[in-house]
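Just remember that this note's numbering sits 12 ahead of the position in the sequence shown, which is counted from 1.
C-beta atoms are modelled at their ideal positions from N, C-alpha and C, and glycine is treated no differently.
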Amino acid sequence: MSYNTLHKYKDIEPTVKMEEVDGEELVKKFAEEMEGMLGRKMKSVKRLAEAAEDADLYHEFNATLEFDYYNSMLINSVDKDGNSIELGGEFPLEENEHFNKLQVNTLQSDIQVPTNVYNKDPGILNGVYMSEALNDVFVDNFQKDPTLTWQYFGSATGFFRLYPGIAWTPDENGVVTFDCRNRNWYIQAATSPKDIIIVVDVSGSMKGLRLTIAKHTINTILDTLGENDFVNVIAYSDYVQYVEPCFKGTLVQADLDNREHFKLLVEELQVKGEGKVKKAMKESFKILNEAASLGQGSLCNQAIMLITDGAMEDYEEVFQEFNWPERRVRVFTYLIGREVTFADTVKWIACNNKGYYTHVSTLADVQENVMEYLHVLSRPMVINHDHDIIWTEAYMDSALFNTQAQSLLLMTSVAMPVFSKKKETLSHGILLGVVGTDVPLRELMRLAPRYKLGVHGYAFLNTNNGYILAHPALRPLYKEGKKLKPKPNYNSVDLAEVEWEDTDETLRTAMVKGETGTLSLDVRATVEKGRRVMFLKNDYFYTTINETPFSLGMVLTRGHGEYIFIGNVSVREGLNDLMQPDVSIANEWTYCETDIDPHHRKLTQLQAVFRYLTGKEPDLECDEELLRQTLFDAVVTAPMEAYWTALMLNPSGKFLSPSDKENIFTMDHFPVWYRRAAEYPAGKFLYYIPKEDTRGRDYFLSAPPHTVVIRILRKPVSVRLSLCVCVFRVSLYDYQAMCKMGGHSASSARPLLSVSKHVCDWLSITHVSVSDGDWLSLSSASAQKKKGDILQPCDTEYPSFVYEPSIKETNSLIKCGRCQKMFVTQAVPDSNLLMLVVQADCDCSRQYPILFVTCVGALDLCVHNASVKCDRMKSQKVRRRPESCHAYHPQENAKECGGASQIYLSVSLFLTCLTASFTCLKASTLVFR
13 MSYNTLHKYK DIEPTVKMEE VDGEELVKKF AEEMEGMLGR KMKSVKRLAE
63 AAEDADLYHE FNATLEFDYY NSMLINSVDK DGNSIELGGE FPLEENEHFN
113 KLQVNTLQSD IQVPTNVYNK DPGILNGVYM SEALNDVFVD NFQKDPTLTW
163 QYFGSATGFF RLYPGIAWTP DENGVVTFDC RNRNWYIQAA TSPKDIIIVV
213 DVSGSMKGLR LTIAKHTINT ILDTLGENDF VNVIAYSDYV QYVEPCFKGT
263 LVQADLDNRE HFKLLVEELQ VKGEGKVKKA MKESFKILNE AASLGQGSLC
313 NQAIMLITDG AMEDYEEVFQ EFNWPERRVR VFTYLIGREV TFADTVKWIA
363 CNNKGYYTHV STLADVQENV MEYLHVLSRP MVINHDHDII WTEAYMDSAL
413 FNTQAQSLLL MTSVAMPVFS KKKETLSHGI LLGVVGTDVP LRELMRLAPR
463 YKLGVHGYAF LNTNNGYILA HPALRPLYKE GKKLKPKPNY NSVDLAEVEW
513 EDTDETLRTA MVKGETGTLS LDVRATVEKG RRVMFLKNDY FYTTINETPF
563 SLGMVLTRGH GEYIFIGNVS VREGLNDLMQ PDVSIANEWT YCETDIDPHH
613 RKLTQLQAVF RYLTGKEPDL ECDEELLRQT LFDAVVTAPM EAYWTALMLN
663 PSGKFLSPSD KENIFTMDHF PVWYRRAAEY PAGKFLYYIP KEDTRGRDYF
713 LSAPPHTVVI RILRKPVSVR LSLCVCVFRV SLYDYQAMCK MGGHSASSAR
763 PLLSVSKHVC DWLSITHVSV SDGDWLSLSS ASAQKKKGDI LQPCDTEYPS
813 FVYEPSIKET NSLIKCGRCQ KMFVTQAVPD SNLLMLVVQA DCDCSRQYPI
863 LFVTCVGALD LCVHNASVKC DRMKSQKVRR RPESCHAYHP QENAKECGGA
913 SQIYLSVSLF LTCLTASFTC LKASTLVFR
C-alpha cells in the first residue's frame, strides 16, 4: 500500500468498524429469502392450475370444433402470395433481456405441437381452445412477479402452451421432437415416485426391427424416470440375465448417470434362444417384494414393464403367487411388431394386474404408447385431487453455456398437476396436464451475496437425494474438441463428491434430512482448476428451505470469513472516486436489482449504482450495505492510481478482461490472485501466472492484506528439473473428472479410477512454478488423444506438490552420461519465488528432453476398480423421500387397460421418417427443459 493510500485510510479510520459474522443467523436469513422467492413461484403455478381446471369444467368437448391458434412453428409465416398460412398469423416478437435476449411476445402465449401429433386433431383443438384462459393468468403472474421466467402448460394430449410466446425452430430435418409429456417436470408432477423393473424379450423371434423397437421402448421408459424413482432392466430368453450384472437382485436410483449407463448396455443386447417369460416375471416380483420389505426403493408405486413379441407360457401361477389378489404391482405390457397373434394374451396380463396394454408396431408408435403408463399411475392422485407441488432435479439451460459460470448453468422447475373436475369422469382419473415455471439457480444464489461470505466463503444448494443444485465447485460441462457439452452425470453429482473432506458424510446426511446445524472441517481447497491447493479451516452452516426438497449450505473460512469490514464515507466523495475511468465494479454482483423494471434491464451495474445514488432512479432496489462498502473502498484506494502511474508499472492498459473468469470478481468466486494473496503472509509479495500457457505472458504480483495487482514486465523462464526435497506431496481428489477409456464395454462403462487422468504410468514435469500452495504442473506423457477414445465420467486421485517454506536453499546433481549438471535453488526473500542456478557446461537436453518421474507405491496407478464402480452406482445413500405417495384408490377404474394403438400420426412425420430414417425419433437433450 502506498503512503498516500495509507494516509487516506488514516483520515477515515474513525468511521471503520469490524463486525463478527454470525454464520447461523446468516444462513437462516438467506434461507428465508430463498423460501420467499420460491414461494412466489409456487403461488404463480397454483393460480395457473386453478384457472386451467375451471376452464375445463365449463368447456364442453366439440368434435367438430374449428379454431385457429398461434402455432409456434408457423407464426409469422406466409405463403407464396404473402398471406398468413393456417395456424400462423402475425405474432409480434421483440428481443427481451430477461429471457436471454430471445425474441418473445410478453403479451401472448403460443402453442408447440410435436411432429408426431396431428396439430388439428379434435383433442388438440379443444385443449388449446380451453387453455386460452391461461393467457391472462400468465401475464398477471409476470406483472406480480417480474422475476418469473418461462410459464407453461403441458397437455396430456401432447400440445405445449408457452409464455412468453416464441418462434419454435425445428431441427435440420424439419422435425420437432420436444414432447412436454416426456419432460421431468411433467412426469414428476403427474405421478408419484415409482419402482420399475423393465423386462425385455431377447429371444430369437425379436431380431431385426423388433429388437430396435424394443430398445427404443426401453430408452423411452428410462427417460420418464427421475432421481426419486428406482429401476432395473432384465433381459430374458432361455434364461434370465441382468443387463448390468452388478445390479443383480436390486433396484438402483434412476438418476441421470444410471439411466445413461443402462442405455449404453441396452444397445449391446443380442437375440438368441426361446423366450421364457415365467422366470423373468418371478425374478422381477422378487426384486420388488424384497425392496418393499427392506424399506428400499421409492416405497410407493411398483410396476413391471414387459416388452415382448408374444407370451406362450403358463404365467398365471406367477401372478397368483406374487401379486394376487392385492395387485400391488402393476404390469404394463408392450407387444412389439406387426404380428397380433398374442395380442389377447399380452393384454390379459396387463388387464389382470391393474396395468395397461399397448401394441407398438413401428418406431413412431413408441413415444405415445409409453406415455400411457403415466396416465394409469396418475389415476389415484387425480381421483383424490391431490395437487402436490413438485420441484425437479437440476437440468441444463443450454442458452447459458457461454454466458455464465459452469456452476450457475443449471435450473429447476416447479410444477403442479391439472385434473378434470367433472363428476362424470371422476373414476376415470383424467389428467388434463401439468403447469409449471422455471427457476434459474443463478437467480436463487443471488440471494446469498458473495461479499457477505468472505474471500473463500460460498453458499451451495442440494436436493433431498443429496445431489448438488448449485455449488462453486460444480463442473457440469466438458470440452469435446471445441464444443462444450454436458457431462453424462452433470445433475447427479453428490454433495459428498464435492465436499469430499467430509469423509463420514456428516454434512451430507444432516442436509439431506433437512436439519439445521454447523460443522467444522480442515479442507484442502483447490484453485486454478485444481492445480493449486490451499489449506483452510472451514465452518459449515446449513438449514432447510421450507416447502421445498432443498437445503442451503454456507461456508465461512476461519480468518477472512469470521469478520466483516465496514467503513463509511459520504456519497458525494465516494461517488466521485467510484466514477473514475480506472475503476470498475463486479458486474455479476447485484449492487442494484435491474431485472424487475423492464426499463432498467439495459443498465450495467455501475450505471444503476450511479443513477440510484444521484437520485435519478430512486425506485431501484439496491443493496445499501454493499454500496456503502463499495464507496468506502473507492475512496481509500483512489490514491493508488497516481502511485501506479508514477511508477509506470502498467503502461499497456488493462490486463483483466470479462472473459478471464478466473481472475475477476464473479458471482461464483473471488479472483484467484485475490484468494491466494489473502492466505499469504502480510508484507510479502505473491507472483502469479494467470494462464495455463505462460509463454510470452506477464506475471501478476499480489500483495496482502490489502491486495494490489500490478504488471511485471519480465517474461517467465521455463525450467526443467527433477523433484527435490523442497516440496511435499498432497493427495487431491476429483469426482467430476472425464477419463479416456478407449471403447465402451459392459465392464468399462462409467469407470472409477484411483488416479488422475493427468497421472498414468509416468509423470512428465514440464514446468515448475513453486510457492506456498503452488502445484507443480504435471501432464501425462501418454495423454495424446487416440482415435476412438471415449470420455466418460470417472473418479480420480492426483498429487499436488507444495513448497516447503522452511527449506530456504537446496542443491542437487543431475547425471547426464559423461558429465553431471549441478543446480542450486534458493528462496527469494519476501516472495513465493525460487531462484534457480544451473551449471551450463553439461548438456542434458539429448538425454533428458523431458524428465520423467516414475509413479510408484501409494498411488496404485491406473488400476481400474470395477468393484468401486459397482458399489457406487447401486449404493443407496441416505435420502429424504417425497412426503406424498399416491399408489392406490378404491374408485380407480382398472378396466380401462388399453387396446389398439391410439397414436395420431401426422402426414408430415410419416414423410419425414421415410426420408430421414430414425433421425426424427432422436430425443433432444438440450431443449428448454
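Inter-residue Cα distance where the pair is residue i and residue j
i      : j      : result
Val214 : Gly287 : 7 Å
Lys53  : Cys312 : 27 Å
Arg613 : Glu109 : 6 Å
Leu744 : Glu809 : 6 Å
Leu725 : Thr560 : At Leu725, the pLDDT of 30 sits below 50, so the modelled position is not reliable; the number obtained from the coordinates is stated separately. About 53 Å.
Asn414 : Lys495 : Because the pLDDT at Asn414 is just 44, under 50, the model does not fix this residue reliably, and the value given afterwards should be weighed accordingly. Whole-angstrom Cα-Cα distance: 11 Å.
Val451 : Gln155 : 16 Å
Pro392 : Met49  : 31 Å
Ile576 : Leu632 : 25 Å
Asn131 : Asp326 : 44 Å
Val447 : Asp157 : 17 Å
Gly367 : Ala202 : 16 Å
Asp207 : Lys497 : 30 Å
Ser310 : Glu513 : 29 Å
Ala67  : Pro488 : 41 Å
Buried versus exposed call for residue i [16 or more other C-beta atoms within 10 Å across all chains shown]
i      : result
Asp883 : exposed
Lys499 : buried
Gly708 : Interpretation of Gly708 is limited by its pLDDT of 47, a score under 50 that renders its predicted location unreliable; no figure is taken from the coordinates.
Phe682 : buried
Ala852 : exposed
Ile442 : buried
Asp93  : exposed
Thr937 : The predicted position of Thr937 is uncertain, since its pLDDT is 35 and thus under 50; no value can be drawn from it.
Ala75  : exposed
Val836 : exposed
Ala482 : buried
Asn268 : Position check: residue 268 holds Leu in this sequence, whereas Asn was assumed. Classification for Leu268: buried.
Residue range of the alpha helix (DSSP H) that includes residue i
i      : result
Val212 : Here Val212 belongs to no alpha helix (DSSP H); instead the beta strand (DSSP E) covers 206-213.
Glu44  : 35-69
Phe334 : 328-334
His273 : 268-278
Gly135 : 134-142
Ser296 : 289-306
Gln379 : 378-396
For residue i, the first and last residue of its enclosing beta strand (DSSP E)
i      : result
Thr641 : For clarity, residue 641 is Gln in the given sequence; the question names Thr instead. Looking at the DSSP string, Gln641 is not in any beta strand (DSSP E); the run it does join, the alpha helix (DSSP H), is 636-649.
Lys889 : Element bounds for Lys889: n/a, residue is neither H nor E.
Ser532 : 529-539
Cys806 : 803-815
Tyr624 : That residue, Tyr624, is in no beta strand (DSSP E); its alpha helix (DSSP H) goes 617-625.
Lys497 : 495-498
Asp148 : No beta strand (DSSP E) holds Asp148; the alpha helix (DSSP H) holding it covers 146-156.
Cys751 : 739-752
Neighbourhood of residue i by C-beta, 8 Å cutoff - its chain only, sequence neighbours within 5 removed
i      : result
Ser84  : Asp122, Ile123, Gln124, Leu174, Gly177, Ile178, Ala179, Trp180
Asn196 : Gly238, Thr404, Glu405, Tyr407, Ser425, Arg941
Glu25  : none
Thr945 : Residue 945 is absent from the model: the chain starts at 13 and stops at 941.
Asp80  : Glu98, Leu99, Gly101
Glu959 : Since the first and last residues shown for the chain are 13 and 941, residue 959 lies out of range.
Ala315 : Lys206, Asp207, Ile208, Ile209, Val341, Arg342, Val343, Phe344, Gly367, Tyr385, Leu389
Cβ-based neighbour list, residue i, same chain, cut-off 7 Å, excluding 5 preceding and 5 following
i      : result
Val378 : Ile225, His228, Thr229, Thr232, Val372
Val430 : Ala61, Ala64, Glu65, Leu444, Gly445, Val446, Val447
Asp398 : Ser896, His898
Bridge partner(s) assigned by DSSP for residue i
i      : result
Gln832 : Lys827
Gly565 : Phe472, Tyr554
Close Cβ partners of residue i (< 6 Å) along its chain, the five nearest in sequence each way excluded
i      : result
Leu615 : Thr606
Gln592 : none
Glu32  : Tyr575
Gln120 : Gly177
Leu69  : Lys433
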